[in-house]
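Student: This is the structure I want to talk about, given as structure tokens.
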Amino acid sequence: MAAPPPDATESRPGGHAYLFGLGSPHGGDRLGWLAAEWLGDALRERDDLTVARLDQPVDLFLHAVTPRDRLLLVDAMRGQGPPGTLKVFAPAELPNAAARLSSHGLDLASTLALVEALGLFRAGIRIIGIEMPAAAGPETPPPRLDAAQARRLHAAVLGWLDAG
Numbered sequence: 020m021a022a023p024p025p026d027a028t029e030s031r032p033g034g035h036a037y038l039f040g041l042g043s044p045h046g047g048d049r050l051g052w053l054a055a056e057w058l059g060d061a062l063r064e065r066d067d068l069t070v071a072r073l074d075q076p077v078d079l080f081l082h083a084v085t086p087r088d089r090l091l092l093v094d095a096m097r098g099q100g101p102p103g104t105l106k107v108f109a110p111a112e113l114p115n116a117a118a119r120l121s122s123h124g125l126d127l128a129s130t131l132a133l134v135e136a137l138g139l140f141r142a143g144i145r146i147i148g149i150e151m152p153a154a155a156g157p158e159t160p161p162p163r164l165d166a167a168q169a170r171r172l173h174a175a176v177l178g179w180l181d182a183g
């Protein structure tokens, strides 16, 4: 009897792709969640992608990830340009402020160091930062992704997915 055909995840050289929006339900920090919600809808046909919201980076360990999988994190950032600016980073390229400060418990840089030590996501890790408004705080109304930002974000994610 022949073995069953591999599913789409097993046949891709990069394994399964995980896109996690980091954030909270408060102010500008909601950008990562908004992006994940929008991208989850826009990419719902992809069977090689899991999209979810995370309260903190270490929550990625709640998913059954393997060394062959790829990881894309989307998070709000400050100090990298005007509101709505998108920047793509490799873990080693994270801005110093993002590496030192986090409202997510174990910070992003420490979580990614743990991921590396465990040998996970060897197929690649990327971070997309979305610049939040400078005055964004807990009382600020939730930001929105405008059409131009959504197109740039969608193109960046598709480029990442197709490169895998």
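Position in the sequence shown (first residue = 1) + 19 = my numbering.
Each residue gets a CB set at the ideal place from its N, CA and C atoms; glycine is no exception.
None of these values were measured; they are calculated from a predicted model.
#1: Am I right that Pro-110 and Leu-131 are in contact with their C-beta atoms under 8 Å? What's the rounded C-beta distance?
#2: Determine the extent of the alpha helix (DSSP H) in which Glu-56 is found, giving its start and end residues.
#3: For Val-93 versus Leu-41, is the C-beta spacing smaller than 8 Å?
#4: Can you check whether the CB of Val-77 is closer than 8 Å to the CB of Gly-59?
#5: Using DSSP bridges, identify the partner residues of Val-107.
#6: Excluding the 5 residues preceding and the 5 following Ile-144 in the sequence, name in chain order all residues of the same chain whose CB lies nearer than 6 Å to its CB.
#7: Here's a check: name, in chain order, each residue in its chain whose Cβ is nearer than 6 Å to the Cβ of Arg-171, leaving out the five neighbours to either side.
#8: DSSP has Phe-39 in a bridge; who is on the other side?
#9: Does Ala-128 come out as helix, strand or coil in the three-state DSSP assignment?
Tutor: So, from the data block:
#1: 4 Å
#2: 50 to 61
#3: yes
#4: no
#5: Ile-147
#6: Leu-90, Pro-110
#7: Leu-105
#8: Ala-71, Leu-92
#9: helix
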